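**Student:** Numbering (the working numbering), first residue to last: 96 to 504. Here a beta-carbon is modelled for each residue, glycine too, at the ideal position from N, C-alpha and C. What you are looking at is a predicted structure, and each value in this text was computed from that prediction instead of being measured. Mind looking over this structure? Questions follow.
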Amino acid sequence: MPETKKLSLEPYKGTRDFYPKDQFIQNYIFGVWRKVAERFGYLEYNASILEETDLYRAKSGEEIVSEQTYSFTDRGGRDVTIRPEMTPTVARMVAQKRKELSFPLRWFSIPNLFRYERPQRGRLREHWQLNCDIFGVDSIEADVEIISLAYEIMKGFGAKDENFVIKLNNRRALNRLFSEMGLDEEKQKTFRRLLDKKGKIPDFDEQAKAILGKPFNANLEPDKETSELMQKLTKLGITNVVFEPFLVRGFDYYTGTVFEMYDTNPVNPRALFGGGRYDDLVGIFGVEKVSGIGFGWGDVTTRDFLETYNLLPEYQPPVKLYICHLENYLEAANQLASDLRKQGVNVAVDLTSRKVSQQVKTADKENIPFVLVVGEEEAKSGKFKLKNLKLGKEVVVNQENIISSLQIS
RNA sequence: GUGCCCGUAGUUCAAUGGUAGAACGCUACUCUGUGGCAGUAGUCACGAGGGUUCGAUUCCCUUCGGGCACCCCA
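So this is what it looks like as structure tokens:
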């Protein structure tokens with residue numbers, strides 16, 4: 096064998112392996128997302144992780160595409176990018192079937208997304224994100240629904256109101272403010288980024304003055320639209336909402352309400368979800384304009400949040416019963432397993448010839464709730480000692496009573 | 001991509017310019033048909049590569065990975 100470089104055991108930088116216990120948590124998070132989204136009448140869609148690079152160039156700008164995405168040229172010479180976000184894809188899909196879709200549209204997806212960045216806590220190169228969007232509703236009622244959907248998902252995870260805060264702002268109001276200040280396009284962009292950092296940087300006032308040529312002192316009351324939104328949310332019992340006049344969000348395509356949700360515990364400094372209204376996005380595909388509002392909700396920050404507040408469920412494998420066997424009884428054990436599987440029970444059989452104590456130990460370590468042993472006694476009597484490993488209790492049952500005994504747990 | 005910090009058994013940690021310890025875990029036995037407790041024995045590591053040195057896990061460089069800040073935040 097030729098000498099080869101030792102292969103790394105670690106997952107690729109900024110990505111995660113999901114061992115069964117990790118996947119269990121991932122499934123739990125996805126499950127809550129899906130359950131609540133469907134409860135609000137949202138339909139699930141998906142698409143390829145690959146898109147033509149132009150899709151992102153059109154709205155994100157060359158810099159983001161070339162420096163912060165996984166992009167390559169395929170063998171046919173096409174510029175391809177692994178999707179860094181879902182919104183352009185869903186806007187494309189909506190635009191493509193603009194004429195045959197019936198609006199309003201409520202859609203959700205749980206795509207994995209990739210960005211080429213230096214990983215940090217809460218921010219990896221691959222992550223999954225719940226995307227919920229409403230298309231074709233211009234009124235504030237869509238803003239109300241999308242935020243209450245997000246709020247109900249937090250409730251679905253067991254979060255308390257004091258654990259998180261939803262910050263609101265309005266891009267239209269912000270732009271109005273910028274116009275009043277007489278800022279040109281370029282200065283607006285620069286100043287918007289500065290605003291986004293206010294609170295993080297100590298010399299905000301000086302920097303603001305450098306851009307504006309004068310001190311920054313604006314009226315920081317909520318605009319009319321945001322006030323109305325907050326009132327409507329309050330009526331729904333959603334009160335952990337604050338007006339955040341410096342909330343900007345990075346993308347230029349937002350046209351109205353923007354929002355983000357933060358953990359109130361500073362160990363998780365990144366937003367769990369964020370989104371806003373983008374009424375002009377579908378229109379850039381050259382079809383009749385369709386308004387939209389939605390959010391993206393990351394799995395990484397969510398997991399950190401749930402760990403912080405001890406809200407993760409206890410691991411439970413899908414296997415309900417582990418069948419052990421004595422020498423020469425593996426065949427009988429498999430037969431029993433086969434019968435039970437036909438009735439819909441998840442059963443695993445120990446395939447080794449180890450001592451029964453070892454077999455039981457394996458079941459226990461795998462958190463399998465029930466175990467039974469097949470041996471001479473059982474073969475003769477047709478009765479099984481079914482043991483609940485959590486309670487340490489045994490019941491003696493006929494084969495036909497095994498299933499009902501499993502359900503007692 | 002830039003700067004700074006970090007990288008020791010499976011895990012959490014310790015020590016040291018002369019090749020490393022603990023706890024938990026894991027394996028076996030005590031226990032010839034039932035795990036969790038206990039006892040005994042055993043097992044496993046200096047992320048990788050190069051340099052300085054008589055000798056490096058320890059110092060230096062590179063690289064890989066993680067964290068923090070910047071950047072950006074989809």
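1. Counting only the same chain and skipping the five closest in sequence on each side, list residues whose C-beta sits under 6 Å from that of K319.
2. For F167, which residues in the same chain have their Cβ closer than 7 Å to its Cβ, ignoring the five residues on either side in sequence?
3. Counting Cβ pairs, one atom from each stretch, are 3 or more of them under 8 Å apart for the stretch 216 to 233 and the stretch 280 to 299?
4. Can you name the residues that DSSP bridges to L481?
5. Report the start-end ranges of each beta strand (DSSP E) in the stretch 113 to 201 that is 3 residues or longer and not cut off at the edges.
6. With DSSP as the reference, identify every bridge partner of R218, one or two as the case may be.
7. Let me know the secondary structure DSSP gives K384 once reduced to three states.
8. If you measure between the beta carbons of Y410 and F119, is that distance less than 7 Å?
9. Quick check: I498 and V414, are their CB atoms within less than 7 Å of each other?
10. Quick one: Cα of L446 to Cα of Y417, how far?
11. When DSSP labels each residue in this structure, what does K282 get in the three-state scheme?
12. Which residue marks the beginning of the beta strand (DSSP E) containing Y107, and which one marks its end?
13. What do you get for E489, buried or exposed, if any count of 16 or more other CB atoms within 10 angstroms of its CB means buried?
14. Can you tell me where the beta strand (DSSP E) holding V469 begins and where it ends?
15. At what residues does the beta strand (DSSP E) containing F338 begin and finish?
16. What does a CB cutoff of less than 8 Å around P214 pick up in its chain, not counting 5 residues either side in sequence?
17. Pull up the distance between the alpha-carbon of L406 and that of S197, whole angstroms please.
18. So if DSSP puts K293 in a beta bridge, which residue, or which two residues, is it bridged to?
19. Would you report the Cα separation of A245 and V337, rounded to the nearest angstrom?
20. Return the Cβ separation of D291 and F341 in integer angstroms, given the expectation that the two are a contact with Cβ distance under 8 Å.
21. Applying the 10 Å Cβ sphere with the 16-neighbour rule, what's the burial state of K519?
22. Measuring CB atoms only, is the stretch 418 to 429 touching the stretch 375 to 385, in the sense that at least three cross pairs come out at less than 8 Å?
23. Express the C-alpha separation of D256 and T321 in angstroms, rounding to a whole number.
24. Considering only residues of the same chain and omitting the five flanking positions on each side of P310, which have a CB-CB separation below 8 Å?
25. Less than 6 Å between C-beta atoms, sequence neighbours within five positions excluded: which residues of the same chain meet that for D169?
26. Can you give me the C-alpha to C-alpha distance between V451 and F125, rounded to a whole angstrom?
27. Whose C-alpha, out of G253, E240, K475, T184, is nearest the C-alpha of R127?
28. From P183 to A432, what distance separates their C-alpha atoms?
29. I need the straight-line Cα distance from R187 to L225, nearest angstrom please.
30. Using a threshold of 6 Å, is the CB atom of N258 nearer than that to any non-hydrogen atom of the ligand GDP?
31. Please determine, among I229, D279, G345, H420, the residue with the shortest C-alpha to C-alpha distance to E139.
32. Looking at Y349 and G371, is the spacing between their C-beta atoms short of 7 Å?
33. May I ask which residues mark the beginning and end of the beta strand (DSSP E) holding E355?
34. Quick one: what's got a C-beta closer than 6 Å to E47's C-beta in the same chain, skipping five residues either side?
**Tutor:** A quick look at the data gives this:
1. none
2. V175
3. no
4. V490
5. 145 to 147, 166 to 168, 174 to 177
6. Q215
7. coil
8. yes
9. no
10. 11 Å
11. helix
12. Taken as a continuous stretch (DSSP letters only), Y107 belongs to no beta strand (DSSP E), as it is neither H nor E.
13. exposed
14. 465 to 469
15. 336 to 338
16. K108, G109, R220
17. 38 Å
18. I296
19. 15 Å
20. 7 Å
21. Residue numbering for the chain in the displayed model covers 96 to 504; residue 519 lies beyond these limits and cannot be assessed.
22. no
23. 20 Å
24. D300, A303, K304
25. V175
26. 38 Å
27. One point to set straight first is that residue 127 is Val, not Arg, in the sequence displayed. Checked all of G253, E240, K475, T184; the closest Cα to V127 is G253.
28. 49 Å
29. 18 Å
30. By its list of ligands, the structure shown contains no ligand whatsoever, and the ligand GDP lies outside what it can speak to.
31. I229
32. yes
33. 352 to 358
34. Limits of the chain in this structure are 96 at one end and 504 at the other, which puts residue 47 out of reach.
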